[in-house]
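Working notes, beginning with the structure itself.
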Amino acid sequence: MNSISISDGTDTVTLLSEIEFSLQPSWIGSTSVTAGGKTVMDIIGIKHALTIPVGWLSKSDLSKLVSMIEASPVLSVSYPSLSEDVTEDFVFELPQLTAFKYGDSGVEQWYGVTLKAVQQGVD
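Residue numbers (our numbering): 25 to 147.
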């Protein structure tokens, strides 16, 4: 897999192939410091934050993505990882939209759109 796909189960948007993205893991659990100064951790798992600077998006793809996020922010994302292709559910934020190219029917091209999401479950 050399691209990222985002789906709500009905519609799917496949982003440009080989797009750069970041996946930031963070520990989920609690930590405390003992009287002796030792840090003790009770780790439940790892949760990932996904950032995808999608670059250029057509009006139809961006419209579909925003509609999917507005209907339900929990979307399925398929992406390449270190060992294998992964499909997981992520909770998306609504993206900031920047217009670039105007046509007769309004904005035809968008740029600088960055999608941000946090994994719904815990690994």
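Here a beta-carbon is modelled for each residue, glycine too, at the ideal position from N, C-alpha and C. Fair warning: this is a prediction, and the values are worked out from it, not measured in the lab.
Check                                                                                                               : Outcome
Is the number of C-beta pairs between the region 85-96 and the region 46-62 that are closer than 8 Å three or more? : no
Does the Cβ of TRP134 have 16 or more other Cβ atoms within 10 Å, making it buried, or fewer, making it exposed?    : buried
So the beta strand (DSSP E) LEU81 belongs to, where does it begin and stop?                                         : 63-82
In whole angstroms, give me the CA-to-CA distance for VAL90 and SER84.                                              : 10 Å
Would you report the Cα separation of SER31 and GLN144, rounded to the nearest angstrom?                            : 14 Å
Is SER102 near ASP113, with beta carbons less than 8 Å apart?                                                       : no
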